Amino acid sequence: MSVLAYGVVAWLFLVGIYGVVTSRNLIHLVVCVSVAQSATDVLLLEIGYRNGGHAPVFVDLPAHPGPAVDAVMQALALTDVVVGAAVTALLMALAVQVHKRAGTLDPDELRATRE
Amino acid sequence: MSRRARLMFFAVAAAALAVTLGVGLAGLPSFGSQVSAYARMLNEVSGRQRHVTDVVSAITFDYRGIDTLFEEFILLGAVTGISVLLRPLSDETRQLPEDKAPDRGIPPPSPAVWLLAVFLSSLLVLTGLETVTHGTLTPGGGFQGGVILASALYVVYLGTNYRTVERYQPDALLESSDGVGAFGYVFIGLLGLMAGDVFLTNVVGLGVTGNPISGGIIPLLNLTVGLEVAGGFAILASEFLDQTAVIRTKTGPR
Amino acid sequence: MSEVIIAVALIWVAASGTAVVLTRDPLRQAFVAGFFGLGLAFLYLSMQAGDVALSQIVVGAIALPLIVLLAMAKVRKDRE
């Protein structure tokens, strides 16, 4: 289970970077960055998970609910998800602006048109 | 660098990165075996200390409140950056929205769609407010509720047209809610200093655990964050919408 | 039991994340990315992180597709 859990983190990060390197379209590239970024959230939550743990919300629990999972990691990942979306939007605004100036979204053509 | 050379370079770098990641991840405790002592302690004490039932809110807005302050300013910075990047440039004009242009008439949405949009957006506002205000009790809070609140505006656009959104979307209000949200967080933090304690100390009365108003500054901070996120995401959407709907490059040579 | 659910969610996330990267057309990618976001939210929920799952749902279902589609609409209009 550990191998699967941490393997998926490494895979997501690498596959996101692969998408960034091989992308032919800046909009596609920005979404690939967000895939790589989601690997951090998955890793944080995996570190905080505990087998059989319940959510760190102490409402309507049975008498002996057992251990709760790590709430610190959840707090870290929670803000990251929303702020990450805003940063993705900032990158997307840059892509729109690049298209206006250069008339293309292909990073390779950008290099060729620069004077 | 040719595409081939770049791919080769990536293969080497990715292999090195994969090995490093593998070594690092192998050093972690096995999945699901333990949680940190810090988290165990917070799970234990936060109900008694802060009178909240959702420990994640207590950590986000109280125990680690300063982290959230910086996160909020990253958000503010990103939204400001988008506004600057997507402003109308000197060689661009604002033209009549296409769905009202005489040569390209798009039929107006049917009253049924319009009604559905009104119904759905009011439902979204209600859900958003519920999520923001119940952050101390159950999962939810300013970050999630703020995005839901902002999405109410998107639904109005989907169901009607650009004109209607422009009429019902006061830009000044959105921008000030973004700023007021961000600096309201700082102000609530300063309350701790005014009480003679450290920044972001929970100095407001804690209330009864399980009540919607409990946890001292935690619901207040949830409100300010909700205000900021709602304003920020609404501005973000309206900037992109402006670009798509009305901002056009002037024709002719630059 | 919960381990099985988490394992399924992990495989779903890994597969759909790969699909997002390999879908080269941004319009199709927006839909695949929605499916990836849903997988992430399901994974977070199965790991008992309700707060994070909620923010992933609102971001993955509302904010991200909207930004991608609006950016594409802008680019397409410029090309006309």
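Residue numbers (our numbering), protein chains in the order written: chain C, 35 to 149; chain A, 228 to 481; chain F, 368 to 447.
All residues carry an ideal CB built from backbone N, CA and C; glycine is no exception.
Predicted model, so just to flag it, every value in this text is computed and none were measured.
Nonlocal neighbours in the same chain, by C-beta distance under 8 Å from residue i, ignoring five residues either side
i: V435(F); result: P393, Q396, A397 and A400
i: H278(A); result: L433, G434, V435, T436, S441, G442 and G443
Residue i classed as buried or exposed, judged by whether at least 16 other C-beta atoms fall within 10 angstroms
i: R481(A); result: No answer about R481(A) holds up, because its pLDDT of 41 lies below 50 and its placement is not dependable.
i: H133(C); result: buried
i: Q470(A); result: buried
i: P446(A); result: buried
i: V311(A); result: exposed
i: D142(C); result: exposed
i: V49(C); result: buried
i: S422(F); result: buried
i: D114(C); result: buried
i: M439(F); result: buried
i: L63(C); result: buried
i: Y265(A); result: exposed
i: T484(A); result: Since the displayed chain A opens at 228 and closes at 481, residue 484(A) lies outside it and no answer follows.
i: L95(C); result: exposed
i: D281(A); result: buried
Nearest candidate by alpha-carbon position, reference residue i, set the options
i: W341(A); options: T358(A), L302(A), V311(A) and V382(A); result: V382(A)
i: I378(F); options: M35(C), T122(C), V115(C) and I51(C); result: M35(C)
i: S404(A); options: E455(A), L303(A) and A285(A); result: E455(A)
i: N270(A); options: A253(A), Y290(A), I375(A) and G406(A); result: Y290(A)
i: P66(C); options: L431(F), I372(F), A408(F) and M414(F); result: Strictly speaking, residue 66(C) in this sequence is Cys, with Pro absent from that position. Minimum Cα distance to C66(C) is reached at L431(F).
i: A89(C); options: A73(C), V106(C) and T74(C); result: V106(C)
i: A285(A); options: Q322(A), H361(A), V311(A) and G458(A); result: H361(A)
i: V306(A); options: A120(C), L112(C), Q108(C) and N85(C); result: A120(C)
i: N438(A); options: Q396(A), E299(A), T365(A) and A245(A); result: T365(A)
i: I373(F); options: V54(C), V76(C), A70(C) and W45(C); result: V76(C)
i: F258(A); options: V55(C), L38(C) and V91(C); result: L38(C)
i: Y412(A); options: E402(A), D398(A), T387(A) and G453(A); result: G453(A)
i: V352(A); options: A379(A), T363(A) and G368(A); result: A379(A)
Residues near residue i in its chain [Cβ-Cβ closer than 7 Å; skip 5 each side]
i: L110(C); result: L78
i: G479(A); result: At G479(A), the pLDDT of 44 sits below 50, so the modelled position is not reliable; the number obtained from the coordinates is stated separately. Taken in chain order, the list of residues that qualify is empty.
Cβ shell of residue i (< 6 Å), same chain only, five flanking positions each side left out
i: G416(A); result: F426 and L427
i: Y384(A); result: V392
i: V272(A); result: none
i: G87(C); result: P101, A102 and V103
Chain A contacts made by the segment 397-427 of chain F, where a contact means CB separation under 7 Å: G417, D418, L421, S422, V425 and V426
Chain-ordered residues of the segment 446-463 of chain A with a beta carbon less than 8 Å from chain C: V456, G459, F460 and L463
How about the segment 237-246 of chain A and the segment 336-356 of chain A: do they share at least three Cβ pairs that are nearer than 8 Å? no
Compile a chain-ordered list of the residues in the segment 55-69 of chain C whose CB is closer than 8 Å to at least one CB of chain E. Of the protein chains in the structure, C, A and F, none is chain E.
Using a beta-carbon distance cut-off of less than 8 Å, what residues from the segment 229-248 of chain A approach chain C? R230, R233, L234, F237, A241, L244, A245 and L248
If contact means a Cβ-Cβ distance below 7 Å, which residues of the segment 103-114 of chain C contact chain A? V103, D104, A105, V106, Q108, A109, L112 and T113
Can you list, in chain order, the residues of the segment 369-394 of chain A whose Cβ is nearer than 7 Å to any Cβ on chain F? F370, Q371, V374, I375, S378 and Y381
Which residues of the segment 263-282 of chain A have a Cβ closer than 7 Å to any Cβ of chain C? Give them in chain order. S263, Y265, A266, L269, N270, G274, T280, D281 and V282
For the segment 337-366 of chain A, list every residue whose C-beta sits within 7 Å of some C-beta in chain F, in sequence order. P366
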